[in-house]
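Structure record follows, encoded as structure tokens.
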Amino acid sequence: MGMRRFSVQGREYFALVVLSDHNDFDAMEVVERVEGAPGGTLLEFRMDDTSARLSFIRPDIDITLLRAAVDIFREEFFEPRWASGAPCPPWGEAL
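Given below as structure tokens:
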């Protein structure tokens, strides 16, 4: 599991990236940084060879946080797959 720290509108967040060999999917959770540690889940993305989806979104998530999370998801999941030639959902190139 990897972790990226980022900020949006002065608030700190963690993107927890799980690339799994034993599950059927990879995942990324976005949590707010609370007193230096990860808080509760705000967003969760899941991806496999044929689909990528936002599987959880807490109510009242600001669009700027959602956009930043999608950018990190693209950087962590799609870009490495494009570079390596690994399977990717067919619409992934549109991101």
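In numbering that gives the first Met the number 0, the protein residues as written are 0 to 94. Beta carbons are placed, not taken as given, at the ideal position from N, Cα and C, and that holds for glycine.
Note the first and the last residue of the continuous beta strand (DSSP E) segment covering P37. Boundaries of the beta strand (DSSP E) around P37: A36 to M46.
Distance between beta carbons of R45 and L68, contact taken as under 8 Å: Note that residue 68 is Ala in the sequence shown, not Leu. The pair is not a contact, with the Cβ atoms about 13 Å apart (cut-off 8 Å).
Nearest to V33 by alpha carbon, out of L65, W81 and E11? E11
If you follow the beta strand (DSSP E) that S54 is in, where does it begin and where does it stop? A51 to I56
Would you call the CB atoms of V16 and E75 closer than 8 Å? yes
With a threshold of 8 Å on Cβ separation, who are the neighbours of F24 within its own chain once the five nearest residues in sequence on each side are excluded? R45, M46 and D47
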